[in-house]
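S.K.: Going by this note's numbering, the first sequence opens with residue 2, and the numbers climb by one from there.
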Amino acid sequence: MLDLEKYGVTMWEKDKILSFRQKLLAWYDENKRDLPWRRSKNPYHIWVSEIMLQQTRVDTVIPYYERFLDWFPTVESLANAPEERLLKAWEGLGYYSRVRNMQTAAQQIMSEFEGKFPSTYEGISSLKGIGPYTAGAISSIAFNLPQPAVDGNVMRVLARLFEVNHDIGNPSNRKLFQAMMEVLIDPDRPGDFNQALMDLGSDIEAPVNPRPEESPVKEFSAAYQHGTMDCYPIKAPKKKPIPIFLKALVVQNSQGQFLLEKNESEKLLAGFWHFPLIEVDEFSDQTQDLDLFSQVAEPILELGPSPQESFEQDYDLEVDWQDLRFEEVKHIFSHRKWHIQIIAGRVTETQEYADREVLWLSPEEFINYPLAKPQQKIWQAYLKRSC
DNA sequence: AATACGTGGCC
DNA sequence: TGGCCAAGTAT
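#1: Per DSSP, which residues does leucine 318 bridge with? Please list them.
#2: Quick one: what does DSSP say glycine 202 is sitting in, helix, strand or coil?
#3: To the nearest angstrom, how far is the alpha carbon of proline 149 from that of alanine 197?
#4: How about methionine 230 and arginine 175: are their beta carbons less than 9 Å apart?
#5: How long is the line joining the alpha carbons of methionine 103 and lysine 129, rounded to whole angstroms?
#6: Could you give the C-beta distance for proline 242 and isoleucine 333, rounded to a whole number, given that I count them as a contact under 8 Å?
#7: Identify every residue that forms a DSSP beta bridge with arginine 395.
#8: Which parts of the segment 11-98 are runs of the alpha helix (DSSP H), unbroken and 4 residues or longer, counting only runs that do not cross its ends?
#9: Using DSSP's beta-bridge definition, name the partner residues of valine 359.
#10: Exposed or buried, proline 64, counting other C-beta atoms within 10 Å across all chains shown (16 or more means buried)?
#11: Which of the three DSSP states, helix, strand or coil, is assigned to glutamate 215?
#12: State buried or exposed for glutamate 299, treating a residue as buried only when at least 16 other CB atoms are found within 10 Å of its CB.
#13: How is the alpha helix (DSSP H) around valine 281 delimited, first residue to last?
#14: Does DSSP put leucine 162 in a helix, in a strand, or in coil?
#15: With a CB to CB cut of under 6 Å and the five nearest residues on each side skipped, what residues in its chain are close to valine 330?
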């Protein structure tokens, strides 16, 4: 067992712990939110909700949750779902490896657990995409096992209760909060205890504009008692997303279909369809002019092939590039900020062969394919200029 | 241990 | 607007 004192945390006496549990659960019984997944004890439902809720707001999740269970009502249906359908179910939610990992886990359940959701912490933890938080949440909520579920809410609430002087953003400090929860958790109602702390942390003890005087456990809170609520939790600022500059090629053929390409990378937006993208060092009005009028301009410097030229080579196409300017599309990921310039054109000649997975799609067909946000923004910006 | 991985809402 | 934040996990 981790020594809390070494982290400067003094745990409460047994009586205070019992009294805290009572106070918190009484508050939860009166104030818990009525959420779709709280009406079910089906571990599959709990699992879906917990994965969706990772780094994602409740209001965002609710419609996705309902539709997901409609499309994939059982573990088996999820295990057998085609990739396009899987990504379409998650389109717009973000962190798409979540749903890929879920399918892998569903296949694990079919092959290693005879199609029945594992009912032990060990078994649950063995599933792809389930880390310590989610394993604790499913164990406690669906199986009534006394396992802590330490998420950002719980760490924030605990940091204020005990004036924890450790960065909650540092993953290595999670074990401290885990150890505290192992002592605090109510073994009779572990699922409710975990959820009560999360509910408290997401509203009354929110990271911004908290209302600490409304907390049912303010008498237990060292930070509240000492007037140091503003100091907790400790959290280092995040790094700024790195700017990336891209040209998006929006190219249509004589039948009004547009060229889309599948992202075969296993990293950012894996498996999604997108307009062909070419990364450039940066934008400048000068390079933009050279791009648009490369036929007539006489560049002073020897530049490499233009994005248009590279594109025509890579995709075996000949394109009549249009002299149109579009609004720059911006999209911020957690770690990158994309700046996208749109270049439009019409193909004059196409080859059968292309060394990529590409598709010519009419706009009406777009909805049948998973398209992430940046591509939707590109399409909107393209339409705006074309109208 | 530090970084990659989405998106939308709020101020 | 830019920065912060949200029921984390994999590598």
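No residue lacks a Cβ here, since even glycine has one placed at the ideal position from N, Cα and C. Fair warning: this is a prediction, and the values are worked out from it, not measured in the lab.
M.R.: To lay it out plainly:
#1: Here leucine 318 is bridged, per DSSP, to Thr351.
#2: Residue state, collapsed to three classes: helix.
#3: Each residue's Cα considered, the two are about 12 Å apart.
#4: Going by C-beta atoms, methionine 230 is not nearer than 9 Å to arginine 175.
#5: If I take the Cα positions, the gap works out to 7 Å.
#6: The C-beta distance from proline 242 to isoleucine 333 rounds to 6 Å, short enough to meet the 8 Å contact threshold.
#7: With the chain covering 2 to 388 only, the question about residue 395 has no answer from this structure.
#8: The qualifying runs are 15-32, 44-54, 59-72, 76-80, 84-91.
#9: Beta-bridge pairing links valine 359 to Glu262.
#10: With fewer than 16 Cβ atoms within 10 Å of its Cβ, proline 64 is classed as exposed.
#11: Here glutamate 215 sits in helix by DSSP.
#12: Annotation note: pLDDT 41 at glutamate 299 (below 50); position unreliable, coordinate value reported separately. Around the beta carbon of glutamate 299, fewer than 16 other beta carbons sit within 10 angstroms, so the residue counts as exposed.
#13: Judged by DSSP secondary structure, valine 281 falls outside any alpha helix (DSSP H) and instead within the beta strand (DSSP E) spanning 278-281.
#14: Helix, per DSSP.
#15: Ile341, Lys378, Ile379, Ala382.
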